[in-house]
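Residue numbers (the UniProt record's numbering): 1 to 77.
No residue lacks a Cβ here, since even glycine has one placed at the ideal position from N, Cα and C.
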């Protein structure tokens with residue numbers, strides 16, 4: 001039996017709102033969520049320790065052609 005897939009090739013996407021507003025990228029397989037991180041400056045952190053701010057963008061399913069749109073989710077993570 002042949003396996004069917006809904007996979008899609010590379011597509012242009014853009015983030016709407018939040019700290020990464022307007023950021024453009026290429027995505028594969030139309031992920032439901034894009035996670036953006038920003039490095040935070042730390043003071044006297046142990047070797048190898050880092051802190052990052054995490055921001056979540058969710059795909060807008062109403063947009064079906066390029067560029068796909070991902071909206072900032074203020075309630076996540």
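State the Cα-Cα distance for the pair residue i and residue j, rounded to the nearest angstrom.
i	j	result
residue 68	residue 52	26 Å
residue 36	residue 46	24 Å
residue 25	residue 44	34 Å
residue 66	residue 13	7 Å
residue 72	residue 23	12 Å
With which residues is residue i paired in a DSSP beta bridge?
i	result
residue 37	54
residue 27	11
If you compare alpha carbons, which of the options is closest to residue i?
i	options	result
residue 61	9, 23, 33 and 10	33
residue 15	70, 76 and 74	70
Is the distance from the Cβ of residue i to the Cβ of residue j below 9 Å?
i	j	result
residue 29	residue 42	no
residue 31	residue 50	no
Quiz item: Three or more beta-carbon pairs under 8 Å between the stretch 55-62 and the stretch 12-28, yes or no?
Solution: As far as the Cβ criterion goes, the stretch 55-62 touches the stretch 12-28, which means the pair count is three or higher.
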